[in-house]
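Converting from the sequence shown to this note's numbering requires adding 976 to each position, the first position being numbered 1.
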Amino acid sequence: MTRHKSSERPPSGHHFRITLDGREFEGTYTVNGPMLAVESLLMGVKRRQLGDTHPEALARLLLAELVYEHEAPRRA
């Protein structure tokens, strides 16, 4: 995957899905230079520096974090 440079056209999103506790969640990730952003329509956006991690692996982790953060108030 090529990384986006700010002087180029905006990055296009990559749609993906994860399954947690038997439920499916969808998100979109974009890579902009060294940063990866994951967006979920229901749960918001989470960003992290990409580093040496494969973009989709990091995107899956960030979407899982969004799910757990979104559902944490319900568990309390």
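Built from N, CA and C at the ideal position, the CB exists for glycine as well.
Q: Determine the DSSP secondary structure at Leu-996, reduced to helix, strand or coil.
A: Taking the sequence shown and counting its residues from 1, the one referred to as residue 996 is at position 20. In this structure, Leu-996 counts as strand in the three-state DSSP scheme.
Q. Distance, Cα to Cα, His-990 vs Leu-1039?
A. By 1-based counting over the sequence shown, the position of residue 990 is 14. By 1-based counting over the sequence shown, the position of residue 1039 is 63. Each residue's Cα considered, the two are about 13 Å apart.
Q.
Looking at Glu-1032: is its Cβ nearer than 8 Å to the Cβ of Phe-992?
A. Here residue 1032 corresponds to residue number 56 of the sequence shown, with the count starting at 1. Here residue 992 corresponds to residue number 16 of the sequence shown, with the count starting at 1. Cβ distance < 8 Å, so Glu-1032 and Phe-992 count as in contact.
Q. So which of Ala-1048, Arg-1050, Leu-1037 has the shortest CA-CA distance to Thr-995?
A. Here residue 995 refers to the residue found at position 19 of the sequence shown. Considering only alpha carbons, the answer is Leu-1037.
Q: Classify Leu-1038 as helix, strand or coil using the three-state DSSP reduction.
A: As a working mapping, residue 1038 is identified with position 62 in the sequence shown. Correct three-state label for Leu-1038: helix.
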